[in-house]
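To start, the structure itself, in structure tokens.
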Amino acid sequence: MSSKKERFEVTPELLKENFIKIYGDKAQSGNSNEIRMFASPARINIIGEHIDYNGGKVFPTAIDKYLYCAIRKRNDSKIIYNDLFFNSTYTFDTNDNFAFDQKNDYANFLNGILSCMKKQGYKFPCGFEVLIASNVPSAGGISSSSALECGFAWAVSETFGFNISRKDIALMGQQSEHEFMNVNCGIMDQYIIATGKKDTAELIDCAKVEHEYVPLKLGDYRFIVMNTKKKRRLADSKYNERRAQCEEGLAILKAAAIPLTDLCSLTPARFEECKAVIKDEVILRRVRHCVTENDRVLRAVEALKADNLQELGKLLYESHNSLRDDYEVTGIELDTLVNAASRQKGCIGARMTGAGFGGCAIALVHKDEVEQFIKNVQSEYTKIVGYEGGFFACSSGDGVREL
Ligand code: GLA
0 MSSKKERFEV
10 TPELLKENFI
20 KIYGDKAQSG
30 NSNEIRMFAS
40 PARINIIGEH
50 IDYNGGKVFP
60 TAIDKYLYCA
70 IRKRNDSKII
80 YNDLFFNSTY
90 TFDTNDNFAF
100 DQKNDYANFL
110 NGILSCMKKQ
120 GYKFPCGFEV
130 LIASNVPSAG
140 GISSSSALEC
150 GFAWAVSETF
160 GFNISRKDIA
170 LMGQQSEHEF
180 MNVNCGIMDQ
190 YIIATGKKDT
200 AELIDCAKVE
210 HEYVPLKLGD
220 YRFIVMNTKK
230 KRRLADSKYN
240 ERRAQCEEGL
250 AILKAAAIPL
260 TDLCSLTPAR
270 FEECKAVIKD
280 EVILRRVRHC
290 VTENDRVLRA
300 VEALKADNLQ
310 ELGKLLYESH
320 NSLRDDYEVT
330 GIELDTLVNA
340 ASRQKGCIGA
350 RMTGAGFGGC
360 AIALVHKDEV
370 EQFIKNVQSE
380 YTKIVGYEGG
390 FFACSSGDGV
400 REL
């Protein structure tokens with residue numbers, strides 16, 4: 000594992016300065032290629048949890064917290080990675096196979112992308128050097144890893160003129176998670192990071208892998224990200240187990256000749272009619288979460304379009320309860336944050352966001368109450384959990400882009 004350096008808020012200017020310090024400017028390095036700079040956002044999922052891999056509709060937004068990637072072609076075939084916040088330098092070669100190796104730490108996320116590119120027939124005519132710096136808390140549940148994968152993939156694709164589409168960048172990020180990182184994730188995180196647009200959220204149809212932008216008009220309300228600061232790796236968590244349970248539920252329903260393509264193609268009414276065929280109580284609850292969550296997404300989007308933020312907030316709470324009771328992916332940390340949030344003045348909704356088991360929750364809070372809200376929730380969280388959480392208000396952001 001590479002050792003960490005102290006964190007600070009990084010800007011593109013700082014990144015460029017440090018890139019030159021590490022790799023030299025044109026004169027020092029004898030490299031006349033341009034340094035190109037890219038930004039890749041974090042995301043919050045407003046609603047629609049654990050249903051992207053069940054053919055559901057999800058409703059995330061990219062946020063204004065970015066990972067930055069500076070990249071420059073080299074005159075030889077070396078590939079060099081540095082990260083402003085980690086001490087290790089990793090050096091590879093364009094002719095490498097890019098296999099996963101535990102000791103490569105964050106470089107695995109980058110090599111996973113290069114490995115996918117190679118498999119798809121993309122060729123690197125020369126090497127390149129990279130400096131990464133992220134303002135997204137790592138393993139914090141707002142998709143630091145997808146921001147890294149998709150930001151890097153976009154940077155490499157643009158640098159070498161591969162012109163890979165945003166959708167294909169997302170699919171490549173997902174493929175890398177599956178084949179390289181051993182996380183059987185859905186498409187939501189990579190898709191929103193690749194295609195996000197400021198001032199909108201996206202209703203993503205994960206069965207068709209397409210989306211609709213929905214204006215994110217929150218009036219006097221703001222989304223607050225509440226970080227449990229409980230570290231977890233999805234590869235070690237129950238994420239893959241939940242996926243397998245959903246597949247089991249789907250197989251039971253199909254075996255009973257119930258016509259459906261995936262769990263989220265069932266309406267709540269249809270689910271009530273056919274649920275008796277699922278005898279296993281755990282599987283039944285997992286399926287119920289998927290069906291009801293998909294329905295909540297559709298209602299949440301309608302509420303937002305109708306400027307009914309109170310209704311949106313109510314659906315956030317319902318979603319959290321379903322993830323706590325039926326899907327069982329919350330835990331003491333996330334439940335404490337959401338419970339504490341729900342008691343605060345100006346808060347109209349809250350829920351865990353992302354995979355759960357730690358990570359982050361979000362709350363929809365009146366802008367005049369944000370400061371007090373954070374103070375109160377922090378104090379309650381610390382009292383119960385024994386250490387501090389992390390809090391910040393966010394706005395929507397843009398998907399991967401060159402600066
Ligand atoms: C993680 C995965 C996503 C999605 C969420 C849960 O963030 O990467 O694909 O399944 O969990 O909604």
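No gaps in the numbering here: position 272 of the sequence shown is 271 in numbering that gives the first Met the number 0, and each next residue is one more. Ideal Cβ placement from N, Cα and C applies to all residues, glycine included.
Kindly list the residues whose CB is nearer than 6 Å to the CB of residue i, restricted to its own chain and excluding five residues on each side of it in sequence; keep chain order.
i    : result
F123 : T93
E271 : none
I257 : C273
D325 : R284, R287 and H288
A340 : C346, A349, A362 and V376
T329 : L322, R323, M351 and G355
L303 : L311
Going by the C-beta, is residue i closer than 6 Å to any heavy atom of the ligand GLA?
i    : result
C149 : no
H49  : yes
C184 : yes
G353 : yes
M187 : yes
Compute the Euclidean distance between the alpha carbons of residue i and residue j, then round it to the nearest angstrom.
i    : j    : result
N103 : G29  : 28 Å
S175 : K344 : 43 Å
V9   : V224 : 19 Å
A98  : G396 : 33 Å
E12  : D334 : 39 Å
S133 : L252 : 44 Å
R350 : A152 : 31 Å
S142 : T352 : 10 Å
E209 : I203 : 6 Å
C393 : R221 : 7 Å
N130 : Y22  : It should be pointed out that residue 130 corresponds to Leu in this sequence rather than to Asn. Cα to Cα, the separation comes out at about 9 Å.
S87  : C245 : 39 Å
G160 : E310 : 46 Å
D95  : I78  : 10 Å
V364 : E327 : 25 Å
N408 : R342 : Outside the displayed range of the chain (0 to 402) lies residue 408, so it cannot be described from this structure.
N107 : C115 : 12 Å
D261 : E280 : 19 Å
F391 : A255 : 48 Å
F84  : N110 : 19 Å
G312 : H319 : 11 Å
E48  : N183 : 15 Å
K166 : I192 : 10 Å
H177 : A268 : 34 Å
L297 : I186 : 18 Å
I163 : K237 : 33 Å
F18  : N81  : 9 Å
L336 : E211 : 31 Å
N307 : L217 : 10 Å
N181 : V369 : 38 Å
I46  : R73  : 43 Å
Using the rule of at least 16 other Cβ atoms within 10 Å of the residue's Cβ for burial, across every protein chain shown, is residue i buried or exposed?
i    : result
D51  : buried
G150 : buried
E16  : exposed
K25  : exposed
A305 : exposed
Q371 : exposed
F127 : buried
M0   : With a pLDDT of 46 at M0, under the threshold of 50, the modelled position of this residue cannot be trusted; read the value that follows with caution. So M0 counts as exposed.
R42  : buried
F7   : exposed
G120 : exposed
Using a Cβ-Cβ cut-off of 7 Å (strictly less than) and excluding sequence neighbours within five positions of residue i, which residues of its own chain qualify?
i    : result
S435 : The structure shown has nothing for residue 435, since the chain only spans 0 to 402.
E317 : R295
S264 : G54
T381 : E387
G139 : N226, G358 and C359
E332 : T227, K229, G357 and V384
L215 : T60, D198, T199, A200 and S395
D188 : R42, S142 and S145
Give every residue of the same chain whose Cβ lies closer than 8 Å to the Cβ of residue i, excluding the five residues on either side of it in the sequence, and list them in chain order.
i    : result
L283 : G248, K274 and I277
D367 : D219 and G345
E157 : R35, F37 and E401
I112 : E148, F151, A152, V155, M171, G172 and S175
Is the closest heavy atom of the ligand GDP to the C-beta of residue i under 6 Å?
i    : result
D306 : Here the bound small molecules are the ligand GLA; the ligand GDP is not part of this structure.
- Query: Considering only residues of the stretch 69-137, which uninterrupted beta strand (DSSP E) runs meet the minimum length of 3 residues and lie entirely inside it, listed in chain order?
  - Reply: 77-82, 85-92 and 127-133
- Task: Counting only runs of 3+ residues fully inside the stretch 326-402, write out the beta strand (DSSP E) ranges in chain order.
- Result: 346-352, 359-365 and 389-393
- Query: Can you list the beta strand (DSSP E) stretches of 3 or more residues lying completely in the stretch 250-287, in chain order?
  - Reply: none
- Curious, which full-length alpha helix (DSSP H) runs of at least 4 residues does the stretch 170-244 contain? 187-194
- Task: Mind listing, in chain order, the continuous alpha helix (DSSP H) runs of no fewer than 4 residues lying wholly within the stretch 23-52?
- Result: 25-28
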